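Residues 2 to 177 (the numbering used here) make up the sequence shown, in order. For glycine and all other residues, C-beta sits at the position ideal for the given N, C-alpha and C. Just so you know, these numbers come straight off a predicted model, no measurement behind them. Remarks on the structure that follows.
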Amino acid sequence: NIQSPAITYLSSGVYNVQLIVQTAYQCSDTIVKPITIHALPVADAGINQSVCLGNQVVLSASGGLTYHWTPIVSNSNVLTITPSTTQTYFVNVTDSNNCAATDSVVVTVLLPPVADAGVDKSICKGSSTTLTATGGGSYLWMPTSQTSSALAVSPLNNTMYSVVVTAPNGCTASDS
């Protein structure tokens, strides 16, 4: 009669397993075998991050010897991505004992503003006009460095004005 008990260990350490072998003639022998239970690695995929659409973000995992990322397949602890949608990324970390653990990180993709510097304008030399930008929370006009949405201009020559629009989420876009 052979029995194969299943044993679950809740913590790492060295455990002695006792095996008693008994024959049909009631002879028995006992074998004690130490079994080492290794702790799982502490997988760390880093902190959740936000990135503006079109920008790169670097994910960095730690806690093991080898790494495997999904859904983007990579076997490096550092993963550079340019995500197009908010997504959860998982990393499987394996240590030198071939024990594995998994952690995840969420990358939230933020949408940039729709920058609009207005329509092109023509004025007579010596005249002025107002340019009005829309699309964001804050504005920066170039080449003037003005920070309001409306910009009064009186250029002496043909001049291109550009505005950088920054949304409340920190993402930027520009228009001329």
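Beta carbon of residue i nearer than 9 Å to that of residue j
| i | j | result |
| --- | --- | --- |
| A46 | V92 | yes |
| V154 | T148 | no |
| I82 | V58 | yes |
| S12 | A44 | no |
| G119 | A174 | no |
| A134 | V108 | no |
| Y90 | T103 | no |
| S196 | Y162 | A question about residue 196 goes unanswered here, because the residues of the chain that appear run from 2 up to 177. |
| I32 | I21 | yes |
Of the residues the options, the one placed nearest residue i, counting alpha carbons only
| i | options | result |
| --- | --- | --- |
| I36 | V43, Q88, Q19 and T24 | Q19 |
| S51 | N78, T86, V120 and G136 | T86 |
| S105 | L80, C125 and G119 | L80 |
| L157 | S123, A174 and A134 | S123 |
| I38 | G55, G171 and V15 | V15 |
| P114 | N170, T31 and I32 | N170 |
| Y140 | S29, A116, C100 and Q23 | A116 |
| T131 | S146, L152 and A168 | L152 |
| C172 | C53, D30 and K126 | C53 |
| L112 | A102, G55, M143 and N78 | G55 |
| A101 | L60, S129, P42 and S128 | P42 |
| P84 | Q23, S77, N78 and L60 | L60 |
Identity of the residues DSSP links to residue i by a beta bridge
| i | result |
| --- | --- |
| P35 | N17 |
| M143 | S163 |
| L112 | According to DSSP, L112 bridges with nothing at all. |
Counting pairs of Cβ atoms below 8 Å between the stretch 62-72 and the stretch 94-113, do you hit three or more? yes
Enumerated in chain order, which unbroken segments of the alpha helix (DSSP H) with a length of 4 residues or greater are wholly contained in the stretch 35-106? none
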